[in-house]
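Counting in full-length UniProt numbering, the sequence shown runs from 1 upward without gaps.
Each residue gets a CB set at the ideal place from its N, CA and C atoms; glycine is no exception.
These notes are about the structure you will find just below.
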Amino acid sequence: MNKLVVALNGTIVGLLEKSAGGAMLFTYHESWLSRPGARAISLSLPLQKDSSDNRDRCYRILN
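Below, the structure is given as structure tokens:
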């Protein structure tokens, strides 16, 4: 699985992962979720701990 750390202004926001089959998944980092004033990096990827339902959205955004 390929992984990419996503940062905003030097602060880690989350992790983007691509499986061997090509599925993409974005997970927000715990420290970002607990940060005052944290915001979603995309309207299609709302702030949430569970990232299991964003695979299709990641593909559409990044493809």
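The shortest CA-to-CA distance from Asn2 to any of Met24, Leu45 and Leu33 is the one to Met24. Shown here, Ser31 sits in a helix according to DSSP, grouped into three states. Taken through DSSP and simplified to helix, strand or coil, Ile41 comes out as coil. Around the beta carbon of Val13, 16 or more other beta carbons sit within 10 angstroms, so the residue counts as buried. Boundaries of the beta strand (DSSP E) around Leu8: Asn2 to Leu8.
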